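Below: the structure, in structure tokens.
Numbering (the numbering used here), first residue to last: 598 to 759.
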């Protein structure tokens, strides 16, 4: 399989992850620019992928690093208006209705970017060791975050069933 075909297949397999990260970090105003920047960085670094981790783990790492750099650049240029207000909004419990995907999105909107990334990778089936590698934190820190995120979800969305 040639490099271009393999790259296209990798993009097809990971498009949902890439688009979620672009939306999460770019918001509605910068989503497309963020997505394009992530694709560019994936292409630039694709040949250097060593295979020490899974391709999915590598995609997360490149995408999250690119998103963080993109956001920092926008902040420096005071070009990030909507993203800040989106992260600061509060949603009352009355709006927590809908399908499971809507509930998950409502919950993830309340999380920090790192916690949302941890949850996204956890739900995607990555092991805590792989998540730690992507984020550059310890495996124990990842497991603690997952435990805290689960507890927060139960408190906010499951409620008391007694």
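Beta carbons are placed, not taken as given, at the ideal position from N, Cα and C, and that holds for glycine. Computed from a predicted model, the values in this text were never measured in an experiment.
Asked, Found
"When we look at the beta-carbon of residue 737 and count the other beta-carbons within 10 Å, is it buried (16 or more) or exposed?", "exposed"
"Quick one: residues in its chain with C-beta nearer than 6 Å to the C-beta of residue 668, no 5 flanking neighbours on either side, listed in chain order?", "622"
"Assuming contact is defined by CB atoms lying nearer than 8 Å, are residue 637 and residue 659 in contact in what I supplied?", "no"
"If you measure between the beta carbons of residue 719 and residue 728, is that distance less than 8 Å?", "yes"
"Closest to residue 642 by C-alpha separation, out of 753, 651, 655 and 609, would be which residue?", "655"
"I need the DSSP call for residue 692, collapsed to helix, strand or coil.", "Residue placement at residue 692 is poorly supported in this model, since its pLDDT is 46, which falls under 50; the coordinates still yield a value, given next. If DSSP states are grouped into helix, strand and coil, residue 692 belongs with the helices."
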